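What follows is a short report on a single structure.
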Amino acid sequence: PSPLLAIRGERGGKGSIKIPRVGYSLYKTSPDQAARCTALALRAGVRHLDLAAQYGSNAEVAKTLKSYFDGGLSAINFDNEKEELLLGLDATSAAADDHATKTIAAGLAFRAKAAPPPDGLAGRRGRREGLFLSHKLSNVEQSTDVVAVRRSVKNAIAELGAQYLDLVSIHSPLTDKDRRLATYQALVDLRDSGFIKSIGVCNYGLGPLAELEEEFDKDLPAMNQIELSPFNMHKDVVQWCGLHGVAVGCSAWSKLSGTDGPAEGWVVLADIAKNKGMTKAQVLVRWSLQKGYVNVPRSAAASKVERLAIAENSYGGVNPQDAGEGKSSFILSDEEMTVLDGLDVDYRAGKLGRTDGWTAEDIVGVDWDPTLI
994 PSPLLAIRGE RGGKGSIKIP RVGYSLYKTS PDQAARCTAL ALRAGVRHLD
1044 LAAQYGSNAE VAKTLKSYFD GGLSAINFDN EKEELLLGLD ATSAAADDHA
1094 TKTIAAGLAF RAKAAPPPDG LAGRRGRREG LFLSHKLSNV EQSTDVVAVR
1144 RSVKNAIAEL GAQYLDLVSI HSPLTDKDRR LATYQALVDL RDSGFIKSIG
1194 VCNYGLGPLA ELEEEFDKDL PAMNQIELSP FNMHKDVVQW CGLHGVAVGC
1244 SAWSKLSGTD GPAEGWVVLA DIAKNKGMTK AQVLVRWSLQ KGYVNVPRSA
1294 AASKVERLAI AENSYGGVNP QDAGEGKSSF ILSDEEMTVL DGLDVDYRAG
1344 KLGRTDGWTA EDIVGVDWDP TLI
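Sequential numbering of the sequence shown, starting at 994, is according to this note's numbering.
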């Protein structure tokens, strides 16, 4: 699939902007690792960062972004990283660039967007324009006071040193109708005044989406980011988004093992991964890409495995330059996609224990899911 997806944006919501289909999420990344993780992601060629007020890491992310914006990758200190890791990150970045240039039309657009500007302050604007920053407003920041909402977004822009944000989303629907709609209106105002490029929602099911359709029929969100995996495909929400021109994003996929879950499905996933020479997470990235979704894998940086996963699960990581003689392509066949699509067991957030936009106290049982609000 092409590296970029066009979503609605710009003033009035009548234009479009390009979002990299594979990003990197700071979800569950401890603040003390956030600056390092951001640096490793950028070195791996990632140009889409998934941020949120709830993640509590923007201040640390900003440290890496300042170095990157001011001077490029060469201004980021990688002295404490092992050469083996850096070579792997560089190879992944090269693979992403190589695959993009071979993708008809979309590849050329990606190339133009991500082409490295000159080092130093002269290239700052180009580096900012080549990086897609997505931010989410917490439930606490949702308010009927649109001025307060606008202030929250402007504070995030200032904290990140970003001049503007490419996408700002409502992190979850777990407030009430009045706050959801007023917050959305504030985001419309911010977009039309140039502070943000596009508007999104997260974890929205059919109820809150219907509210938006009733109140903002001509100005629906650019994207709805929900938990998606072959084990929980949210077919009703995905269908609604497709009919209304709303892009679908994956915020997380699933547990990949454990004592409480779709054990038989996990085995099927593991078998496909083994046959393809991929990790299970890479299979899920490919599945998401080939379904047409935007996805933002996450990984910490405390261990070697976690650091390597940042590269493995990036766009370049699932589009290797050379799979090697005798090694299966990373492209999933129609048959493999059908097998994965057949694993849906409605594996909800309550059973996953996911707390992306809410806290554990909000979860009221294994069948609970934010899209049911």
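For every residue, glycine included, the Cβ atom is placed at its ideal position computed from N, Cα and C.
Being a predicted model, the structure only gives us computed values, none of them experimental.
Proximal residues to residue i (C-beta, below 7 Å), its chain only, five neighbours per side dropped
| i | result |
| --- | --- |
| Arg-1120 | Tyr-1061, Phe-1062, Gly-1065 and Pro-1110 |
| Ala-1263 | Lys-1273 |
| Ala-1179 | Val-1139, Val-1142 and Arg-1143 |
| Pro-1024 | Gly-1049, Ser-1050 and Glu-1053 |
| Thr-1085 | Ala-1037, Gly-1038, Ala-1304, Ser-1307, Gly-1309 and Gly-1310 |
| Leu-1365 | Gly-1198 |
| Ser-1136 | Val-1142, Arg-1172, Ala-1175 and Thr-1176 |
| Gln-1283 | Pro-994, Leu-1325 and Met-1330 |
| Asp-1185 | Arg-1004 and Gly-1005 |
| Gly-1200 | Ile-1366 |
| Arg-1117 | Phe-1062 and Asp-1063 |
| Gln-1026 | Ala-1293, Ala-1294 and Ala-1295 |
| Asp-1229 | Leu-1199 |
| Leu-1082 | Leu-1033, Arg-1036, Ala-1037 and Ala-1304 |
| Ala-1353 | none |
| Ala-999 | Ser-1009 and Lys-1011 |
Proximity of residue i and residue j at Cβ, strictly below 8 Å
| i | j | result |
| --- | --- | --- |
| Glu-1122 | Ala-1046 | no |
| Ala-1037 | Ala-1304 | yes |
| Asp-1360 | Arg-1341 | yes |
| Gly-1242 | Asn-1288 | yes |
| Asp-1182 | Arg-1144 | no |
| Ala-1087 | Gln-1314 | yes |
| Leu-1042 | Gly-1016 | yes |
| Val-1278 | Ile-1265 | no |
| Ser-1162 | Gln-1218 | yes |
| Arg-1040 | Leu-1124 | yes |
| Asn-1196 | Asp-1337 | no |
| Asp-1327 | Gly-1343 | no |
| Glu-1206 | Ala-1055 | no |
Integer Cβ distance of residue i from residue j, believed to fall under 8 Å
| i | j | result |
| --- | --- | --- |
| Lys-1190 | Asp-1159 | 5 Å |
| Lys-1147 | Phe-1188 | 6 Å |
| Leu-1078 | Arg-1291 | Not quite, the Cβ-Cβ distance comes to about 18 Å (not below 8 Å), so this is no contact. |
| Lys-1211 | Leu-1345 | Rounded, the Cβ-Cβ distance is 35 Å, inconsistent with contact. |
| Ala-1240 | Ala-1256 | Not confirmed; about 32 Å, so no contact. |
| Lys-1297 | Gly-1154 | The pair is not a contact, with the Cβ atoms about 31 Å apart (cut-off 8 Å). |
| Ala-1334 | Pro-1166 | According to the sequence displayed, residue 1334 carries Asp and not Ala. Between Pro-1166 and Asp-1334 the Cβ distance is about 26 Å, and since that is not below 8 Å, they are no contact. |
| His-1227 | Gly-1350 | With 8 Å as the limit, His-1227 and Gly-1350 do not qualify as a contact, their Cβ atoms being about 15 Å apart. |
| Val-1261 | Val-1332 | 6 Å |
Three-way DSSP call (helix, strand, coil) for residue i in this model
| i | result |
| --- | --- |
| Pro-1013 | strand |
| Leu-1158 | strand |
| Asp-1043 | strand |
| Arg-1291 | strand |
| Met-1271 | coil |
| Ala-1304 | helix |
| Leu-1333 | helix |
| Gly-1350 | coil |
| Ala-1037 | coil |
| Gln-1314 | coil |
| Ser-1367 | The requested residue 1367 does not occur in the structure, where the chain is confined to residues 994 to 1366. |
| Gly-1343 | helix |
| Ile-1150 | helix |
| Gln-1008 | What sits at residue 1008 in the sequence shown is Gly, not Gln. Looking at Gly-1008 - three-state DSSP - the assignment turns out to be strand. |
| Leu-1174 | helix |
| Ser-1165 | coil |
| Ala-1028 | helix |
| Leu-997 | strand |
| Ser-1281 | helix |
| Ser-1145 | helix |
Close beta carbons around residue i, own chain, < 6 Å, minus the five adjacent residues each side
| i | result |
| --- | --- |
| Glu-1318 | Note that Glu-1318 scores 47 on pLDDT, short of 50, meaning its location in the model is unreliable; the coordinates nonetheless yield the value given after this. Counting only Cβ-Cβ distances below 6 Å, and skipping sequence neighbours, we find nothing. |
| Thr-1057 | Ala-1028, Thr-1031 and Ala-1032 |
| Cys-1234 | Asn-1217 and Val-1241 |
| Ser-1127 | Asp-1043 and Leu-1160 |
| Ala-1149 | His-1128 |
Proximity test, residue i beta-carbon vs the ligand PLP heavy atom, cut-off 7 Å
| i | result |
| --- | --- |
| Lys-1011 | In the structure on display, the ligand PLP does not appear, and there are no ligands present to speak of. |
Own chain, CB closer than 8 Å to residue i, minus 5 neighbours either side, in chain order
| i | result |
| --- | --- |
| Ile-1069 | Ala-1032, Leu-1035, Arg-1036, Thr-1057, Ser-1060 and Tyr-1061 |
| Phe-1071 | Ala-1032, Arg-1036 and Leu-1079 |
| Gly-1008 | Arg-1001 and Gly-1002 |
| Gln-1156 | Arg-1121 and Ile-1150 |
In chain order, what are the residue ranges of uninterrupted alpha helix (DSSP H) at least 4 long that sit wholly in the region 1220–1264? 1228–1236
Which residue spans inside the region 1053–1140 form an unbroken beta strand (DSSP E) run of at least 3? 1125–1130
For a minimum of 3 consecutive residues, which ranges assigned as the beta strand (DSSP E) are wholly contained in the region 1179–1209? 1189–1195
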